[in-house]
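Position 158 of the sequence shown, counting from 1, maps to 164 under this note's numbering, and the rest follow consecutively.
Cβ coordinates follow ideal geometry from the N, Cα and C atoms, glycine included.
Structure first, commentary second.
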Amino acid sequence: MVNEELRSQFCRDIVLLKQLGLRPVVVHGGGPQIGKFLERLKIETNFINGLRVTCEQTMEAAEMVLSGNINKALANEISRAGAPAVGLSGKDGRLLVAEQVQGGQLGFVGEPKKVNTEVLSVLLEAGIVPVIAPVAAGEGEFEAATFNVNADTAAGAIAEALGAHRFLLCTDIAGVLDGEKQLIAEMDGKRALGLIDEGVAAGGMIPKLQTAVQAVQRGVGGCVILDGRVPHSVLVQLFSKESAGTTILP
7 MVNEELRSQF CRDIVLLKQL GLRPVVVHGG GPQIGKFLER LKIETNFING LRVTCEQTME
67 AAEMVLSGNI NKALANEISR AGAPAVGLSG KDGRLLVAEQ VQGGQLGFVG EPKKVNTEVL
127 SVLLEAGIVP VIAPVAAGEG EFEAATFNVN ADTAAGAIAE ALGAHRFLLC TDIAGVLDGE
187 KQLIAEMDGK RALGLIDEGV AAGGMIPKLQ TAVQAVQRGV GGCVILDGRV PHSVLVQLFS
247 KESAGTTILP
């Protein structure tokens with residue numbers, strides 16, 4: 007979330023959710039910031055089929071940006087807005103354990119394999135908002151390794167493990183559009199997968215829909231692909247009759 011005003015609104019909205027008795031958990035990404043940092047360090051970035059290859063040097067830089075700068079700044083802003091927040095990464099308490107994807111072609115890019123919710127339960131019971139960077143630990147021969155995990159995928163795995171009532175995927179698009187380019191306010195998983203099969207949903211929307219469908223199939227109450235450009239989009243979606251995105255239900 008690069009826009010400072012929207013980020014500030016988001017943080018205040020998280021505080022309001024907390025004051026209303028909800029227990030929000032925040033998972034963030036940071037692709038654009040990682041790209042800029044790699045440029046500053048003059049580290050060359052390679053891609054395979056549009057996916058960043060994460061060598062050991064790139065992983066170190068990504069962890070610095072995700073677990074350091076972005077994570078602590080976001081946790082601090084939520085705390086300043088009125089709700090205690092703690093920033094952590096998936097490596098803390100081995101919250102997120104990942105396995106290497108695509109046979110290692112992408113380097114230290116991982117897919118969530120285990121979510122250990124103990125540390126989250128402690129924070130939530132104490133009234134603290136967890137703010138999580140999608141950096142994961144490994145296991146087996148990669149036990150000492152660090153993996154970069156797609157933020158949407160990490161958030162989906164954590165939502166499933168917690169049995170979340172709502173899983174909000176914040177994006178910079180209106181939501182899911184039909185063949186006539188009209189916003190779909192609500193649909194079930196079957197229709198969502200159908201949009202992929204028909205070619206209506208394409209590009210970056212495909213993994214978002216797949217993550218959303220998997221989450222609701224595994225017990226999450228509903229997933230919203232949310233237009234984060236809408237002011238106070240979280241509150242609009244949860245507490246008004248208006249839609250700030252697309253809700254996928256079981």
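The segment 79 to 96 makes contact with the segment 20 to 40, as at least three CB pairs between them are under 8 angstroms. By a beta-carbon distance limit of 8 angstroms, Gly195 contacts Pro256. Their separation comes to about 6 angstroms.
The C-beta separation of Ile49 from Thr64 comes to about 6 angstroms, placing the pair in contact by the 8 angstroms criterion.
In this structure Ala68 does not touch Asn156 by the C-beta definition: roughly 12 angstroms separates them, more than the 8 angstroms allowed. DSSP places Leu168 inside the alpha helix (DSSP H), whose first and last residues are Ala157 to Leu168. In the three-state scheme derived from DSSP, where H, G and I count as helix and E and B as strand, Arg197 is classed as helix. Following the DSSP letters along the chain, one finds Ile231 inside the beta strand (DSSP E) bounded by residues Cys229 to Asp233.
Nearest C-alpha to Val226 among Ser246, Ile84, Leu174 and His34: Leu174. For the pair Gly146 and Ala198, the Cα-to-Cα distance works out to about 36 angstroms.
Residue pairing of Glu105 in beta bridges, as defined by DSSP: Glu117. Checking the DSSP bridge columns, you'll see Leu94 partnered with Ile138. Its Cα nearest to that of Leu101, the residue Val121 stands out among Phe114, Asn82, Asn75 and Val121. Taking all protein chains in view, the Cβ of Asn52 is surrounded by fewer than 16 other Cβ atoms within 10 Å, so the residue is classified as exposed. Spatial neighbours of Ser95 in its own chain (CB-CB distance under 6 angstroms, excluding positions within 5 residues in sequence) are listed in chain order as Ser73, Ala139 and Val141. The straight-line gap separating the alpha-carbon atoms of Leu244 and Glu83 is approximately 22 angstroms. At a Cβ-Cβ threshold of 9 angstroms, Leu80 and Arg235 do not count as neighbours.
Looking at the DSSP output, Leu44 sits in no beta bridge, so it has no partner there.
The shortest CA-to-CA distance from Ile76 to any of Asp233, Gly36 and Glu10 is the one to Gly36. Note that the C-beta distance between Val222 and Ile190 is not below 9 angstroms.
Per DSSP, the unbroken alpha helix (DSSP H) holding Ile212 starts and ends at Met211 to Gln223.
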